[in-house]
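Below is one structure; the comments refer to it alone.
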Amino acid sequence: MQPIAEQIQDLKEELNAVILAHNYQRCEIQQMADFVGDSLGLSQQAVKQDADVIVFCGVDFMAESAAILSPDKTVLLPVKEAHCPMSAMAEAPALREAKAKHPDAAVVCYVNSSAAVKAESDICCTSSNAVEVVNSLDADEILFVPDMNLGNYVSRFTDKKIITWEGHCPVHHQMVAEDILLAKHEHPDAEVLVHPECRAEVIDLADAALSTSGILKHVSESSSLEFIIGTENGMLCGLEAQNPDKMFYIASPFAVCVNMKMITPSILLESMEEMKHVVTVPEDLRTKAKLALDRMLAVV
Ligand code: 13P
Ligand code: SF4
Numbered sequence: 010m011q012p013i014a015e016q017i018q019d020l021k022e023e024l025n026a027v028i029l030a031h032n033y034q035r036c037e038i039q040q041m042a043d044f045v046g047d048s049l050g051l052s053q054q055a056v057k058q059d060a061d062v063i064v065f066c067g068v069d070f071m072a073e074s075a076a077i078l079s080p081d082k083t084v085l086l087p088v089k090e091a092h093c094p095m096s097a098m099a100e101a102p103a104l105r106e107a108k109a110k111h112p113d114a115a116v117v118c119y120v121n122s123s124a125a126v127k128a129e130s131d132i133c134c135t136s137s138n139a140v141e142v143v144n145s146l147d148a149d150e151i152l153f154v155p156d157m158n159l160g161n162y163v164s165r166f167t168d169k170k171i172i173t174w175e176g177h178c179p180v181h182h183q184m185v186a187e188d189i190l191l192a193k194h195e196h197p198d199a200e201v202l203v204h205p206e207c208r209a210e211v212i213d214l215a216d217a218a219l220s221t222s223g224i225l226k227h228v229s230e231s232s233s234l235e236f237i238i239g240t241e242n243g244m245l246c247g248l249e250a251q252n253p254d255k256m257f258y259i260a261s262p263f264a265v266c267v268n269m270k271m272i273t274p275s276i277l278l279e280s281m282e283e284m285k286h287v288v289t290v291p292e293d294l295r296t297k298a299k300l301a302l303d304r305m306l307a308v309v
């Protein structure tokens, strides 16, 4: 029997497919991917890939964004149940009510949201461009959905009034200041890098708050030899592979996104063999959501 990696490689050629994987995916999936990145990088790749099929190793909103941006390609999400719980914390009817309460506010939605929420928004953002996106807008008030931690983080870098939503990422939100203080005590020479989905008390103790690819870039350019990483622990795969001379310590053993870990090599293979699960977005929602994504891609 041919090894799984070879079968996947053969199928990629047969289908003219490309495999995109998020930085939180299992190590073995990251190693099989054509492109590994953060939400912004993966959206950009979804647009520019000259492939018939995009196999998205990530969670639902990521595959959905690829389907919104590239309707001419078949987008596969190997595990249908790979949902992002934060994305489910904002729904379109509630957003419409909030918009009615704040008629002068521009709506900025984090890409970790459904197509229906994107369709109700003026512009999307990711963790790597949220500050630039907010500051690119004329409005003085911003309704920021669904991540309150990212919204609060952005408010540090803008004069605009940020109205936050009650959403959060459970993986990042469970991390508290005590976790960072303990890790700093154990590794006093380490730089502390966290994700802006973390609570303000965690960001306050960090040397930098960066997107997942921002963390990878920062580490490769830093002269430090030790790092405390305050984000989902799948990050250590890329960090350790790209920086064999540096040491990495996780800020919290509980920072594991089970949704990001659902795809295994055999599930990826099966998805390509059986062309499942195809992600589609109804055309009326897709065109509206695409506007919000296109506006974001024009800013960064
Ligand atoms: P980025 O990779 O864009 O930083 O996003 C983190 C995340 O939580 C994705 O689910
Ligand atoms: Fe959603 Fe958080 Fe998992 Fe990212 S890490 S997919 S934001 S739950």
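Residue numbers (our numbering): 10 to 309.
Just so it is clear, CB atoms sit at the ideal spot from N, CA and C, and this is done for glycine as well.
Every value quoted in this text rests on a predicted model; they were computed, and no experiment measured them.
Check: Going by DSSP, what residues sit across from I237 in a beta bridge?
Finding: Looking up residue 237 in the sequence shown gives position 228. Paired residue(s): V201, Y258.
Next item on the list: Return the Cβ separation of F65 and C93 in integer angstroms, given the expectation that the two are a contact with Cβ distance under 8 Å.
Entry: Working through the sequence shown from its first residue, we reach residue 65 at position 56. Working through the sequence shown from its first residue, we reach residue 93 at position 84. Not really, about 13 Å apart at Cβ, beyond 8 Å.
Next item on the list: Look at L278 and Q16 and say whether their C-beta atoms are less than 8 Å apart.
Entry: Looking up residue 278 in the sequence shown gives position 269. Looking up residue 16 in the sequence shown gives position 7. Yes, these two residues count as a Cβ contact at 8 Å.
Check: Which class does K170 belong to by DSSP, given the choice of helix, strand or coil?
Finding: As a working mapping, residue 170 is identified with position 161 in the sequence shown. Strand.
Next item on the list: Find the nearest neighbour of A14 within the set I172, Q40, A75, V211, judged by alpha-carbon distance.
Entry: Locating residue 14 in the sequence shown gives position 5, counting from the first residue. Out of I172, Q40, A75, V211, Q40 has the C-alpha closest to the C-alpha of A14.
Next item on the list: Please find out if some non-hydrogen atom of ligand 2 comes closer than 7 Å to the beta-carbon of V309.
Entry: Position 300 of the sequence shown holds residue 309. No, the beta carbon of V309 sits no closer than 7 Å to any heavy atom of ligand 2.
Note to self: Using only the alpha-carbon positions, how far apart do T240 and V267 sit?
What the structure shows: Walking along the sequence shown from the start, residue 240 turns up at place 231. Walking along the sequence shown from the start, residue 267 turns up at place 258. Their backbone Cα atoms lie some 14 Å apart in a straight line.
Next item on the list: Quick one: using the 10 Å Cβ neighbour count with 16 as the cut-off for buried, is E73 buried or exposed?
Entry: Working through the sequence shown from its first residue, we reach residue 73 at position 64. E73 should be labelled buried.
Margin query: Just checking M256 against ligand 2 - is the residue's beta carbon closer than 7 Å to any of the ligand's heavy atoms?
Written below: In the sequence shown, residue 256 corresponds to position 247, counting from 1. No, Cβ of M256 sits at least 7 Å from all heavy atoms of ligand 2.
Next item on the list: Would you tell me roughly how many angstroms separate the C-alpha atoms of A99 and Q54, rounded to the nearest one?
Entry: As a first step, residue 99 is located in the sequence shown; it is residue number 90 there, counting from the start. As a first step, residue 54 is located in the sequence shown; it is residue number 45 there, counting from the start. Rounded to the nearest angstrom, the two C-alpha atoms are 26 Å apart.
Checklist line | Residue range of the unbroken beta strand (DSSP E) whose run includes A30 | finding: Residue 30 sits at position 21 when you count from the first residue of the sequence shown. First-last of the beta strand (DSSP E) with A30: 26 to 31.
Margin query: DSSP three-state label for F263, please.
Written below: Here residue 263 corresponds to residue number 254 of the sequence shown, with the count starting at 1. F263 falls in the coil class under three-state DSSP.
Notebook entry, point to check: Under the DSSP definition of a beta bridge, which residues are partnered with I151?
Noted result: As a position in the sequence shown, residue 151 is number 142, starting the count at 1. Its beta-bridge partners are A115, I171.
Notebook entry, point to check: Is S48 near ligand 1, judged by its Cβ being under 7 Å from some heavy atom?
Noted result: Translated into the one-based positions of the sequence shown, residue 48 becomes position 39. Yes, the Cβ of S48 comes within 7 Å of a heavy atom of ligand 1.
Next item on the list: Can you give me the start and stop residues for the beta strand (DSSP E) that M83 sits inside?
Entry: Start at 1 with the first residue of the sequence shown, and residue 83 comes out as number 74. Here the sequence assigns Thr to residue 83, which means Met is not the residue at that position. Segment 83 to 85, the beta strand (DSSP E) holding T83.
Checklist line | Top-ranked residue by Cα proximity to M256, from R165, S233, E187, D188 | finding: The residue given as residue 256 occupies position 247 in the sequence shown. Nearest C-alpha to M256: S233.
Check: Roughly how far, in whole angstroms, is the beta-carbon of A107 from the beta-carbon of L152, given that I think they are within contact range, below 8 Å?
Finding: Here residue 107 refers to the residue found at position 98 when the sequence shown is read from its first residue. Here residue 152 refers to the residue found at position 143 when the sequence shown is read from its first residue. Going by Cβ atoms, the distance from A107 to L152 rounds to 6 Å, so yes, they are a contact pair.
Item checked: Inside the segment 36 to 112 only - alpha helix (DSSP H) runs reaching at least 4 residues -> 36 to 41, 48 to 57, 69 to 78, 101 to 110
Next item on the list: Could you please give the first and the last residue of the uninterrupted alpha helix (DSSP H) stretch that includes C246?
Entry: Your numbering for residue 246 matches position 237 in the sequence shown. C246 -> alpha helix (DSSP H) spans 244 to 251.
Next item on the list: State the start and end residues of the unbroken beta strand (DSSP E) segment that holds I132.
Entry: For this step, residue 132 is matched to residue 123 along the sequence shown. Where I132 is concerned, the enclosing beta strand (DSSP E) stretches over 132 to 134.
Next item on the list: Could you give the DSSP three-state label for D312: helix, strand or coil?
Entry: What the structure shows of the chain is the stretch from 10 to 309, and residue 312 is not part of that stretch, so it cannot be assessed.
Item checked: Residue span of the alpha helix (DSSP H) that contains D188, given as start and end -> As a first step, residue 188 must be located in the sequence shown, where it is residue number 179. First-last of the alpha helix (DSSP H) with D188: 186 to 195.
Next item on the list: Alpha carbon to alpha carbon, how far is M95 from D213? Give it in angstroms, no decimals.
Entry: The residue given as residue 213 occupies position 204 in the sequence shown. The residue given as residue 95 occupies position 86 in the sequence shown. The straight-line gap from Cα to Cα measures roughly 22 Å.
Checklist line | Pocket of ligand 2 (residues with CB nearer than 7 Å to any heavy atom), chain order | finding: Y33, V68, C93, P94, M95, S96, N121, C178, P179, V180, H181, E206, E241, C266, N268, M269
Notebook entry, point to check: For C36, which of V117, A148, A26, L245 has the nearest alpha-carbon?
Noted result: Within the sequence shown, the letter at position 27 stands for residue 36. Checked all of V117, A148, A26, L245; the closest Cα to C36 is L245.
Note to self: Within a Cβ cutoff of 6 Å, which residues of the same chain sit near S220, ignoring the five residues on either side of it in sequence?
What the structure shows: On the sequence shown, position 211 is the one that residue 220 refers to. The residues are D47, S136, S137.
Next item on the list: Could you tell me which residues DSSP pairs with V287 in its beta bridges?
Entry: Taking the first residue of the sequence shown as 1, we reach residue 287 at position 278. Note: V287 sits in a beta bridge opposite L85.
Check: Between the C-alpha atoms of K226 and M269, what's the straight-line distance to the nearest angstrom?
Finding: The count along the sequence shown starts at 1 and reaches residue 226 at position 217. The count along the sequence shown starts at 1 and reaches residue 269 at position 260. Cα-Cα distance, rounded: 21 Å.
Notebook entry, point to check: Which of helix, strand or coil does DSSP assign to A125?
Noted result: Mapped onto the sequence shown, residue 125 falls at position 116. In the structure shown, A125 sits in a helix (DSSP, three-state: H, G or I).
Next item on the list: Give the straight-line distance between the Cα atoms of V142 and A115, rounded to the nearest whole angstrom.
Entry: Counted from its first residue, the sequence shown places residue 142 at position 133. Counted from its first residue, the sequence shown places residue 115 at position 106. Each residue's alpha carbon lies about 11 Å from the other.
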